[in-house]
Amino acid sequence: MANKQQIEKVMEMFSSATGLTAVYVDIDGKEISDDDQFPPVCQI
């Protein structure tokens, strides 16, 4: 099983490759990821 640091690295690579922001959540929908750098359009 991957640890949090490994998952965040994969998410960073995904975001860099696609230009999209990614987050991961627990089973209840609470955000687990630490990166909250959403583009302005996502904050509307």
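Number 27 in UniProt numbering belongs to position 27 of the sequence shown; there are no gaps in the numbering.
The C-beta atom is built at its ideal place from N, Cα and C for all residues, glycine as well.
Source: prediction; values computed, not measured.
Requested in this report: Taking 8 Å as the cut-off, decide whether the C-beta atoms of SER33 and MET11 are in contact.
Outcome: The count along the sequence shown starts at 1 and reaches residue 33 at position 33. The count along the sequence shown starts at 1 and reaches residue 11 at position 11. In terms of Cβ geometry, SER33 and MET11 form a close pair [threshold 8 Å].
Query raised in the report: What first and last residue would you give for the alpha helix (DSSP H) that runs through residue 45?
Result: This structure does not reach residue 45, given that the chain is present from 1 up to 44, and the question cannot be answered.
Query raised in the report: Who are the near neighbours of TYR24 in its chain, counting only those whose CB is closer than 8 Å to its CB and skipping five residues on each side?
Result: Taking the first residue of the sequence shown as position 1, residue 24 is located at position 24. The answer, listed in chain order, is ILE7, MET11, GLU31, ILE32 and SER33.
Report task. Alpha carbon to alpha carbon, how far is LYS9 from LEU20? Give it in angstroms, no decimals. Result -> Working through the sequence shown from its first residue, we reach residue 20 at position 20. Working through the sequence shown from its first residue, we reach residue 9 at position 9. If you take the alpha carbons of LEU20 and LYS9, they lie about 14 Å apart.
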